[in-house]
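Participant: Right, I'll just put the structure down here and ask away after.
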Amino acid sequence: MGLFEVTTLVTITINIIVASVLGMTFFDYTIIQLSHDIYDGFNKVNEIVIFALFIGGLSHIMYKQGQKALHKLIDESNITKTKAEFVIAGIASMFTVLVANNTIAILLSGDIKA
Numbered sequence: 003m004g005l006f007e008v009t010t011l012v013t014i015t016i017n018i019i020v021a022s023v024l025g026m027t028f029f030d031y032t033i034i035q036l037s038h039d040i041y042d043g044f045n046k047v048n049e050i051v052i053f054a055l056f057i058g059g060l061s062h063i064m065y066k067q068g069q070k071a072l073h074k075l076i077d078e079s080n081i082t083k084t085k086a087e088f089v090i091a092g093i094a095s096m097f098t099v100l101v102a103n104n105t106i107a108i109l110l111s112g113d114i115k116a
C-alpha cells in the first residue's frame, strides 16, 4: 500500500478489517474476541508511544544542534541533487548501523534536508 501512497492509519484499518473477516469466515473467531484483541493492542501500544515521543524529542535536539553545521557545509560546497540523495542515503545508513533499527534511523535522519 506504500506504493499507492496510502496513509498508515488507513492501511492498519484495512488490515484489521480483512483479518477480522477472514478470522470470522474461516475460523472460530467472534466479535467479542476481536474486541478483546483490539483492547489488548491499545494497552500494549503505550510503550511504543512513549518510545516514539522520546525518539522524536531526541531527533529534534539533534536537528537543532546540527543545523548550523549542516548549513555551513551546504553553503561551502557545490551539492547537486544526486550528491544530496547520496548524502541522505549515507546519513540513513549511518543511523541504521549506529542504532541497528531502520525505523528509528528514518525518524532520526528524516528532518535533515540538503
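Quick note on my numbering: the sequence shown kicks off at 3 and runs consecutively.
Even for Gly, the Cβ is constructed at its ideal location relative to N, Cα and C.
(1) Going by DSSP in three states, residue 79 sits in which element: helix, strand or coil?
(2) Quick check on residue 23: does DSSP put it in helix, strand or coil?
(3) Can you say whether residue 97 is buried or exposed, counting buried as having 16 or more other CB atoms within 10 angstroms of its CB?
(4) Taking only three categories from DSSP, how would you classify residue 8?
(5) I'd like to know whether the C-beta atoms of residue 22 and residue 11 end up nearer to each other than 8 Å.
(6) Closer than 6 Å by C-beta to residue 95: which residues in its own chain qualify, once you throw out the five before and the five after it? Chain order, please.
(7) How long is the line joining the alpha carbons of residue 92 and residue 86, rounded to whole angstroms?
Facilitator: Once the coordinates are examined:
(1) coil
(2) helix
(3) buried
(4) coil
(5) no
(6) none
(7) 10 Å
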